Structures are given as C-alpha cells and as structure tokens.
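One structure below.
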Amino acid sequence: DIPVMHDDQHGTAIISAAALLNALEISGKKIEEAKIVISGAGAAAVSCTRLYKSFGAKDENIVMLDSKGVIRKDRKNLSEEKAEFASHRKIDTLDEAMKDADVFVGLSVKDIVTPKMLKSMAPNPIVFAMANPDPEIEYDLAVKTRKDIIMATGRSDHPNQVNNVLGFPFIFRGALDVRATKINEEMKMAAVKALADLAKEAVPEQVNIAYGETKLAFGKDYIIPKPFDPRLITAVPPAVAKAAMESGVATTEITDWEKYQEELYERMGSDNKIVRLLLNRAKLNPKRIVFAEADHLDVLKAAQIVFEEGIGIPVLLGRKEIIVELMEQIDFDADIEIIDPKSDEHVDKLQHYAQKLWEKRRRNGISLYTAEKLVRERNYFAGMMLNEGDVDCMISGYARSYPLVVVPVFETVGRFEGVTKVATTNLMLTKRGPLFISDTSINIDPTAKELAKIAQMTNYTMKMFGLQPVIAMISYANFGSSKDPRATKVREAVGLIHKSNPDMILDGELQADFALNQELLQKRFPFSKLAGKKVNALIFPNLDSANSTYKLLKEINNVESIGPIMLGMRKPVHILQLGASVEEMVNMAAVAVVDAQQKEKRARE
Numbered sequence: 183d184i185p186v187m188h189d190d191q192h193g194t195a196i197i198s199a200a201a202l203l204n205a206l207e208i209s210g211k212k213i214e215e216a217k218i219v220i221s222g223a224g225a226a227a228v229s230c231t232r233l234y235k236s237f238g239a240k241d242e243n244i245v246m247l248d249s250k251g252v253i254r255k256d257r258k259n260l261s262e263e264k265a266e267f268a269s270h271r272k273i274d275t276l277d278e279a280m281k282d283a284d285v286f287v288g289l290s291v292k293d294i295v296t297p298k299m300l301k302s303m304a305p306n307p308i309v310f311a312m313a314n315p316d317p318e319i320e321y322d323l324a325v326k327t328r329k330d331i332i333m334a335t336g337r338s339d340h341p342n343q344v345n346n347v348l349g350f351p352f353i354f355r356g357a358l359d360v361r362a363t364k365i366n367e368e369m370k371m372a373a374v375k376a377l378a379d380l381a382k383e384a385v386p387e388q389v390n391i392a393y394g395e396t397k398l399a400f401g402k403d404y405i406i407p408k409p410f411d412p413r414l415i416t417a418v419p420p421a422v423a424k425a426a427m428e429s430g431v432a433t434t435e436i437t438d439w440e441k442y443q444e445e446l447y448e449r450m451g452s453d454n455k456i457v458r459l460l461l462n463r464a465k466l467n468p469k470r471i472v473f474a475e476a477d478h479l480d481v482l483k484a485a486q487i488v489f490e491e492g493i494g495i496p497v498l499l500g501r502k503e504i505i506v507e508l509m510e511q512i513d514f515d516a517d518i519e520i521i522d523p524k525s526d527e528h529v530d531k532l533q534h535y536a537q538k539l540w541e542k543r544r545r546n547g548i549s550l551y552t553a554e555k556l557v558r559e560r561n562y563f564a565g566m567m568l569n570e571g572d573v574d575c576m577i578s579g580y581a582r583s584y585p586l587v588v589v590p591v592f593e594t595v596g597r598f599e600g601v602t603k604v605a606t607t608n609l610m611l612t613k614r615g616p617l618f619i620s621d622t623s624i625n626i627d628p629t630a631k632e633l634a635k636i637a638q639m640t641n642y643t644m645k646m647f648g649l650q651p652v653i654a655m656i657s658y659a660n661f662g663s664s665k666d667p668r669a670t671k672v673r674e675a676v677g678l679i680h681k682s683n684p685d686m687i688l689d690g691e692l693q694a695d696f697a698l699n700q701e702l703l704q705k706r707f708p709f710s711k712l713a714g715k716k717v718n719a720l721i722f723p724n725l726d727s728a729n730s731t732y733k734l735l736k737e738i739n740n741v742e743s744i745g746p747i748m749l750g751m752r753k754p755v756h757i758l759q760l761g762a763s764v765e766e767m768v769n770m771a772a773v774a775v776v777d778a779q780q781k782e783k784r785a786r787e
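Last residue of the sequence shown: 787 in our numbering, with the numbers rising by one and none dropped.
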C-alpha cells in the first residue's frame, strides 16, 4: 500500500491543470466550453487531458494529435489510450486543429507551431508549449505574434514555467502524512486547486527578489506559483491530505490542521516560528501605522504587504505624486490615506502639530516659527501624528541615517514615564533559536544603572514576543575574575537587577562563549542562575560590542535580524536600518503593531 505517482505524467498534469484554470479565468473563458488542442499522445499528454476532463473539459472540444496528425475515430488500429481521445471532426493537421482553438497544450517536439497557426486561434489564446528543452514555438516569437496570448513553457527563463517541482514533493508530503494507500484523482485535483489559488495571493518579497521581479502579481505573466515560493509547503500538503481523508484512501487522520501547518512550517526551520507568531498576533488586532518614507519603492512594497496580509492599516507619508505613481507600478490598488507634509493640503493638521510641538519643546529653545517649519519634515510630522493619537505606531529610517530619525522621534514622542534612557535590541533568528542582543544602536557606554535598565526593558520586550527571557550580561570576564571598571560595571548591573527583580532569569558577568554553551556553563559555573538553561538574550557592556556582534552574525552567518527594536519609548516608534529589505520592514511593522497592542493593554490595566 505505498502510494505511487509518475512525476513526468501526473506531475505535469497537475501543474499544467492549475495553470490552465487560472489562464481560463484571466481570459474570461469556461473550461466546459474551451476548445483544446493537445499536441502529443504519450503518457504525459494522456494524463494531462484526463485531468483537464476531471475539471470539466468536454470530449467534443478536445483534439489530440500524434506524429501522424489528428487522432480521428475513423483511424484504424488505435491504442486504447488514443481511442479514448479520438475526434469525430473531419480534420487531419495541426494547422486545421488550431483554427478558433482556445487552448494549445504542447507535449511533443519543437517548432511545430507557426505564427500563422497562432493568428488563427480564438481571442486571448492560451498556449502551453512544454516540449523540452525547446518549446513548440519560441516564447518571444509567440508573444510578438499575439499580444493577447497567455503563454507557459517548461523553461525557467520565461514567465509561467510549468515545473514538476511545484507538485511532487508537496503532494507526497500530504499523502505520506495521512499514510495514503494511493494517489487518486481527488488528491490530484486538490493539489491543482491549491496551486491555482496560491497564484492569486500576494507574492512574498523574497520570491520577487529570487526572480529579479519588481512585483509578481496574478495575471498573464503569473498564472502559476514560482518553485521557490516558501508557501508551497503549507498550501499543497494540507489540501492533498484532506482529499485523501475525504476520499477514503488515508489510513490515519489529521484532526488539528493548525498544528499540522505549524509542523510543516517547522520543516522549513524553527527560526521562522517566532516571525509567524508575531505576524499572527499583529493580524488579531491591526493598528494604524504610519510609514514616514512611503515615496520609496521598497517602503511602499512593505506597506502593501502589511495592508494585504492584514498586519496593519498603513498611512503613507511622502511626496503624493510619487507615491501614487509607485502604487500604480506595483498594482497597489487600495483606499489608503496619503499625506504630503510639505503641501498645504493638510494645513489644519500642520498648524495643530506645530502648536503641540511648540508646547512640548518651548523650554528647549524651539519657537513656534521653528515648530511650524519642523512639522513639515516627515519624521516630525509622523512623530506628531503618533503623539496626538492619529496613528498607533510609526516606522521610519529606510532612507535616512539613524541620528536623523532618532532626534525627531525623541522630540515628538519621547520616553516612557520613568525611563531615563531609551535603548534598542535586535532579534537574531539563529539556527540555535531566537537571540536578542542589546543595546545595538543608542547608548555608547552605559553606566551600571543604565545597563540594568536596558536588561529590564529587553526582558519586557522578549515577553511581548512570547518568550521566556534567559539573559546573560556579557563581559570579557567571568564572575569577578577581573577588577577592571569595565567588568565591575557589568557585575554591579547584575547586582542591581538581582535586588530589584529577583525573579528575572539573568546572570553575569559572563564571557559570550560560556553564555551560549550550556554544557560549558554548567560545568564551570553550576551556581549560576543560567546553569542548565538556554540563554536567549545577551546584554553587552557598550555600543561597540553589541553593534559589531549583531552585524557580524548577520553577515558571516547570514542570520536574519529584526530590529533595531526601540526600548523605552512612550509610544510604538521603530527605526529601521538604512536600506532595510522589504521583509525586514514588514517584520518591523508587525513588531510596531504588537507593541501598540501591548501598550494599549498596559494602559487599560
């Protein structure tokens, strides 16, 4: 009872069927009415045609050809497979078959389709030229001949590659997870529908980057997911597994589908788990988030993902004409608030923000005239939006250096009550699990008291991520082995925390290798509060060490980083690294939304 599937036959059928369903939808045609020409009568062609029929294609609308021409009912000595698809039509050649055809599916040989044949096809023709390595008609020639064509090939250098890798690994994953005894028609159809539906969803930015695209979106040039789409693992196996259970070929059942999806995600690596949890929490209660640099393409892409995935409700700040132009470029068609602080369109807001900024800063040398000028600068405007409750959180820093963003948010938003110094932490998604590093961006040489506060704020933020903090205070020395002020400062900070927050799982001073090596720590320092525990946060004694460490991890080990996450701000404002990727911005937006949720909850309590 081992499930068997011939990838060249059934794999091609599944992938091409998904592409066909979407191509027909785009062209406004129904599969029941589509006139389909199949060039090739081998096992792959037969499998494809049978699956198309399962979705509604009619025998009377199908013409299949082999090396001798059209397979007709009156031809003698037909094999059982060829007889199944023999046509009653009195035609003999591909040229005749192509006239007024809606769909051409090629599983034969190169260069058998001519421009003349394409021109004879119906409006919005669908052409799947899948002969390898060279298609039945070259892609460039086909799209030049018919501007309305929807075309797919088996090649990766053109849009719409019908690639079996989209099917086999994920179909078998679903089949094996319910111990299916066979791969039946219901399971194949479920895989087809899952692939077709996935192509209609917003494409992850990492897929755009992998294929050198600005914005892949469902349409003529994107009717099937790309092979490197990370969502395939969670889209296809559950659909196949459900179909196996419903059709009676599964010998075990999945009852908790959310848990199953999590297990599938785990197979991609545990470092994704914390990001998924963060995104899911953000989606439960999306907040208004101002993107202060929305007139940059990557920032706008991030805002689009945030909007389309329900992570938050974007407000776009920047030059309006550029934002509108970029939105058209990436097909971001949504009713989103766009604000240009330098225009006079929002003069009432500008005057209100200037007045409030002056009231906050008038004892710090700022005149009302200066405040009126400052609020036209995007980060001051965004900060005042947040300060006045017009948005719930703020993201900036993509196109400006850290100090140029930090100063405006300090002056508009300010610190949380009782916080004397703000700080930052970076979440590193390492192979050993999530690891927080503080302070990576602000405090050059914090005092013992400031280090203790940084550790406490990091502890609070880690809990926001759903983690149990286990924090090591890092030094070049271990537990009093040095009397140097740089080491004693860390020791003093540990003492302050042990006294004020005895329940915090924190210890030091420790060298980094001892902190991260459980066995070594247990052996040498069994008395430590960290002994036998997995450290997931490192507090460094100064900015040099923290900043260098997180950037070394990021570059040498290709570790994904979320941050710098601001600690101690009165309201959720988070500053990006200069030139942050779209994925990093989306993750930071999720951090900002969850931060806003937590601050809202804290205010109620």
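Every residue, glycine too, gets a C-beta built ideally from N, C-alpha and C. None of the values given here were measured: they were computed from a predicted structure.
For residue i, is the classification buried or exposed, using 16 other Cβ atoms within 10 angstroms of its Cβ as the cut-off for buried?
| i | result |
| --- | --- |
| residue 766 | buried |
| residue 737 | exposed |
| residue 673 | buried |
| residue 434 | exposed |
| residue 740 | exposed |
| residue 770 | buried |
| residue 269 | buried |
| residue 430 | exposed |
| residue 516 | exposed |
| residue 570 | exposed |
| residue 420 | buried |
| residue 466 | exposed |
| residue 626 | exposed |
Answer yes or no: do residue i and residue j have a C-beta to C-beta separation smaller than 9 Å?
| i | j | result |
| --- | --- | --- |
| residue 743 | residue 641 | no |
| residue 522 | residue 775 | no |
| residue 295 | residue 271 | no |
| residue 735 | residue 629 | no |
| residue 243 | residue 218 | yes |
| residue 397 | residue 385 | yes |
| residue 276 | residue 338 | no |
| residue 406 | residue 332 | no |
| residue 367 | residue 261 | no |
| residue 224 | residue 289 | yes |
| residue 689 | residue 705 | no |
| residue 436 | residue 424 | yes |
| residue 512 | residue 488 | no |
| residue 356 | residue 426 | yes |
Roughly how many whole angstroms lie between the Cα atoms of residue i and residue j?
| i | j | result |
| --- | --- | --- |
| residue 226 | residue 698 | 54 Å |
| residue 707 | residue 614 | 21 Å |
| residue 353 | residue 731 | 42 Å |
| residue 671 | residue 779 | 35 Å |
| residue 539 | residue 504 | 28 Å |
| residue 460 | residue 700 | 27 Å |
| residue 305 | residue 330 | 7 Å |
| residue 624 | residue 542 | 23 Å |
| residue 477 | residue 500 | 5 Å |
| residue 768 | residue 495 | 12 Å |
| residue 580 | residue 762 | 6 Å |
| residue 724 | residue 666 | 15 Å |
| residue 252 | residue 264 | 10 Å |
| residue 213 | residue 532 | 56 Å |
| residue 661 | residue 703 | 12 Å |
| residue 301 | residue 560 | 54 Å |
| residue 468 | residue 646 | 16 Å |
| residue 654 | residue 400 | 48 Å |
| residue 643 | residue 784 | 13 Å |
| residue 508 | residue 479 | 6 Å |
| residue 760 | residue 578 | 9 Å |
| residue 664 | residue 583 | 37 Å |
| residue 639 | residue 585 | 21 Å |
Looking at chain B, is there any beta carbon in it that lies within less than 9 Å of the beta carbon of residue i?
| i | result |
| --- | --- |
| residue 696 | The chain inventory of the structure shown lacks chain B, comprising one protein chain alone. |
Problem - Completely contained beta strand (DSSP E) runs for the stretch 706 to 781, where each covers 3 or more residues - result: 719 to 721, 742 to 749, 755 to 757
Problem - Uninterrupted alpha helix (DSSP H) stretches inside the stretch 375 to 452 (no shorter than 4 residues) - result: 387 to 392, 414 to 428, 439 to 448
Handout entry: the stretch 436 to 447 touching the stretch 368 to 384, judged by at least three CB pairs closer than 8 Å
Key = The answer is no - the stretch 368 to 384 does not touch the stretch 436 to 447, with fewer than three Cβ pairs under 8 Å.
Handout entry: Segment contact, 8 Å Cβ cut-off, at least three pairs: the stretch 314 to 324 with the stretch 276 to 294
Key = Yes, the stretch 314 to 324 touches the stretch 276 to 294.
Practice task
For the stretch 684 to 697 and the stretch 582 to 602, state whether three or more C-beta atom pairs, one from each stretch, are separated by less than 8 Å.
Solution key: no
Handout entry: Inter-stretch contact (C-beta, 8 Å, three-pair minimum) for the stretch 549 to 557 and the stretch 747 to 762
Key = no
Practice task
Identify every run of the beta strand (DSSP E) within the stretch 667 to 698, keeping only runs that are complete inside it and at least 3 residues long; order them along the chain.
Solution key: 688 to 692
Practice task
May I have a chain-ordered list of the beta strand (DSSP E) segments no shorter than 3 residues that lie completely inside the stretch 587 to 674?
Solution key: You should have 605 to 612, 615 to 620, 653 to 656.
Practice task
Return the chain-ordered ranges of every alpha helix (DSSP H) run that is complete within the stretch 479 to 552 and spans a minimum of 4 residues.
Solution key: 479 to 490, 502 to 511, 529 to 543
Practice task
Kindly provide the ranges of any alpha helix (DSSP H) runs that are 4 or more residues long and lie completely inside the stretch 221 to 303, ordered along the chain.
Solution key: Correct list: 225 to 236, 262 to 266, 276 to 280, 297 to 302.
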